[in-house]
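I have placed the structure first, in the form of structure tokens, so that the comments after it can refer back to it.
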């Protein structure tokens with residue numbers, strides 16, 4: 002059974018009033034909410050341990066949530082808007098994307114709560130009444146998490162407030178550090194933490210940071226820094242070094258089948274998973290932030306299962322059920338995603354294993370209702386189903402009218418795709434929810450996995466001019482993705498190894514995994530590729546959108562500079 006770090010909720014005074022809640026260790030322990038615990042509680046052995054666990058909680062405000070998904074997958078070359086939901090400014094890059102958006106404020110505040118909790122663990126460790134070994138390990142975890150939180154902040158907003166000491170009282174004195182300063186702090190934390198973290202493939206307390214997780218994050222940070230304003234000549238070499246270490250030194254392995262990576266239950270703890278953000282069916286543990294009013298799908302738990310589904314539940318022979326999920330229709334794959342990135346379906350299994358293409362009837366016909374009218378398939382006027390018959394099929398390519406008419410079910414072809422009907426990403430489905438309307442999910446979010454480590458290595462080696470080595474690395478991922486017997490056909494040659502291959506291979510392997518917007522930004526082609534492949538955003542996107550607007554609450558609550566200007570300046574263009 003999956004474990005989760007036990008949670009104790011209590012409050013200390015910090016950058017804001019901080020809610021300390023945590024991920025948990027090997028077994029689910031008794032939950033107890035204790036309000037308004039004094040600040041000195043962190044100095045006690047129990048309080049120090051609780052604070053160390055609490056430092057993990059803000060991960061659940063970003064990973065596996067609608068607000069984190071909105072900031073990482075909306076408005077890219079691979080995903081456009083679906084029929085429903087708000088926050089479409091992140092798709093359209095219009096005036097709806099502004100400094101008053103609550104998702105931006107929520108993520109900003111949660112990440113800073115996490116940073117201040119990490120600061121308290123690091124600063125109070127010398128006085129903590131725990132063994133030196135535990136002390137060293139908890140400080141290393143806190144540094145890993147602090148670096149992780151600042152890495153999210155700097156990718157989304159650029160230079161932000163850099164606080165490496167505990168804030169004990171509310172303050173209006175804040176300022177913006179440079180990106181170089183933020184990256185320097187991130188790398189210092191990770192390089193200090195890695196030697197002291199658990200060197201095993203996974204911690205005994207599953208869910209805690211390990212040495213491999215720190216090295217994977219270091220590889221990702223160096224790869225990102227290499228195209229930032231803080232870039233250095235050795236960034237790609239360092240990215241390759243740490244990626245190679247993760248691949249060679251810890252016993253991680255690519256699972257034989259791409260689909261099994263996302264199998265609920267056993268698939269979440271596997272030899273491919275380097276670091277996962279933990280969720281559970283317990284609502285207390287899952288709720289790291291208050292739900293956002295009227296946002297839909299921000300009610301706790303890993304709720305990514307809600308956002309990628311098409312509107313199957315009003316079609317002939319179908320009703321909403323737990324297995325096929327609750328379709329919020331927030332994201333729809335672009336034509337570029339489906340027709341170019343996932344073009345190869347003969348050798349590459351990832352189209353079939355990434356997208357759901359078949360729905361079996363769960364609302365069969367009855368004598369009182371002997372047939373259904375069709376909706377999107379004009380090759381037939383009515384259809385009739387028994388339970389378990391195919392009701393909807395998406396072939397992924399155009400079929401003629403005659404081909405569709407020969408089938409006893411509705412066939413959805415690309416020319417009929419729209420914002421409500423489209424191939425459905427199935428990585429995050431959660432059929433263990435208690436009922437068909439239940440929104441919180443209990444699946445772990447796989448934040449770091451070995452396939453990405455190989456892709457980081459391939460990109461870094463390509464940038465270093467080591468094309469043969471880069472080809473070898475990317476072929477590890479491609480061979481795993483092959484249909485049986487097609488492994489050789491999936492291998493690319495050095496002549497085919499270029500950045501476009503990287504762009505597309507990361508799209509095929511990591512689709513929907515909360516990384517694409519940040520990839521496009523670091524490659525410097527967010528505007529170019531959105532204009533090319535996402536018609537919804539073409540009219541509005543500009544270079545300004547490589548950064549998010551600073552939350553207005555941060556600007557308003559910051560003391561003005563001596564000359565009367567804003568103490569915390571807004572990003573240009575907002």
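In our numbering, the protein residues as written are 2 to 575.
C-beta atoms are modelled at their ideal positions from N, C-alpha and C, and glycine is treated no differently.
Query raised in the report: Shortest alpha-carbon distance to residue 194 belongs to which of 536, 216 and 423?
Result: 216
Requested in this report: Using 10 angstroms around the beta-carbon of residue 527, count the other beta-carbons present and answer buried if the total reaches 16, otherwise exposed.
Outcome: buried
Query raised in the report: Do you know whose CA, among 492, 276, 50 and 465, lies nearest residue 472's CA?
Result: The shortest Cα separation from residue 472 among 492, 276, 50 and 465 belongs to 492.
Query raised in the report: Measuring CB to CB, does residue 404 end up less than 7 Å from residue 375?
Result: No.
Query raised in the report: For the stretch 187-206 against the stretch 136-150, are there 3 or more C-beta pairs whose distance is under 8 Å?
Result: The stretch 187-206, when compared against the stretch 136-150, does touch it at the 8 Å Cβ threshold.
Query raised in the report: What residues in its chain sit with their C-beta under 7 Å from that of residue 81, if we drop five residues either side in the sequence?
Result: 92, 333, 335, 535 and 537
Requested in this report: Work out the CA separation of residue 170 and residue 45 for me, nearest whole Å.
Outcome: 20 Å
Report task. With DSSP collapsed to three states, give me the class of residue 373. Result -> strand
Query raised in the report: How long is the line joining the alpha carbons of residue 551 and residue 519, rounded to whole angstroms?
Result: 17 Å
Query raised in the report: Near residue 225, what residues of its chain come up, given a Cβ to Cβ distance below 7 Å and the 5 sequence neighbours on each side ignored?
Result: 156 and 523
Requested in this report: Whole angstroms is fine: what's the gap from residue 372's alpha carbon to residue 365's?
Outcome: 9 Å
Query - For residue 231 and residue 180, believed in contact at Cβ under 8 Å, the rounded distance - result: 5 Å
Query raised in the report: Which residue comes first and which comes last in the alpha helix (DSSP H) that contains residue 248?
Result: 236-250
**Report entry** Distance between beta carbons of residue 310 and residue 326, contact taken as under 8 Å
**Finding:** 5 Å
Query - Exposure label - residue 174; buried when at least 16 CB within 10 Å - result: exposed
Requested in this report: May I ask you to verify whether the stretch 478-488 touches the stretch 238-248, counting CB pairs closer than 8 Å and requiring at least 3?
Outcome: no
Query raised in the report: By Cβ distance below 7 Å, which residues in the same chain neighbour residue 350 in space, the five residues on each side in sequence not counted?
Result: 259, 482, 483 and 484
**Report entry** Reduced DSSP secondary structure (H/G/I, E/B, other) of residue 279
**Finding:** coil
Query - CA-to-CA distance, residue 117 to residue 47, given in whole angstroms - result: 18 Å
Requested in this report: Measure the C-alpha to C-alpha separation of residue 97 and residue 444 and round it to an integer number of angstroms.
Outcome: 31 Å
Query raised in the report: When burial is assigned at 16 or more other CB atoms within 10 Å of the CB, is residue 555 buried or exposed?
Result: buried
Query raised in the report: Quick one: what does DSSP say residue 332 is sitting in, helix, strand or coil?
Result: Looking at residue 332 - three-state DSSP - the assignment turns out to be strand.
**Report entry** Three-pair Cβ contact test at 8 Å for the stretch 264-284 versus the stretch 489-505
**Finding:** No contact exists between the stretch 264-284 and the stretch 489-505.
Requested in this report: Return the first residue and the last residue of the beta strand (DSSP E) that residue 71 is part of.
Outcome: Note, residue 71: premise wrong, no beta strand (DSSP E); alpha helix (DSSP H) at 67-71.
Query raised in the report: With 16 other CB atoms within 10 Å as the buried threshold, where does residue 71 fall?
Result: buried
Query raised in the report: In whole angstroms, what separates the C-alpha of residue 163 from that of residue 151?
Result: When rounded, the distance between both Cα atoms is 8 Å.
Query raised in the report: In its own chain, which residues sit with a C-beta less than 7 Å from the C-beta of residue 434, not counting the 5 before and 5 after it?
Result: 323 and 442
Query - Residue interval of the beta strand (DSSP E) (run including residue 80) - result: 80-82
Report task. On a CA-only basis, which of 222, 256 and 255 is nearest residue 242? Give me that one, please. Result -> 222
Query raised in the report: For residue 389, is the classification buried or exposed, using 16 other Cβ atoms within 10 angstroms of its Cβ as the cut-off for buried?
Result: exposed
Report task. Just the C-alpha distance for residue 572 and residue 176, rounded to the nearest angstrom, thanks. Result -> 13 Å
Report task. Return the CA-CA distance between residue 464 and residue 429, expressed in angstroms with no decimal places. Result -> 33 Å
Query raised in the report: Can you tell me whether residue 382 is buried or exposed, with buried defined as 16 or more other CB within 10 angstroms of its CB?
Result: exposed
**Report entry** Straight-line gap, residue 510 to residue 569 (C-alpha atoms, nearest Å)
**Finding:** Residue 510 and residue 569 have their alpha carbons spaced roughly 38 Å apart.
**Report entry** As assigned by DSSP and simplified to three states, the class of residue 425
**Finding:** strand
Query raised in the report: So, residue 83 versus residue 330, is the Cβ gap smaller than 7 Å?
Result: yes
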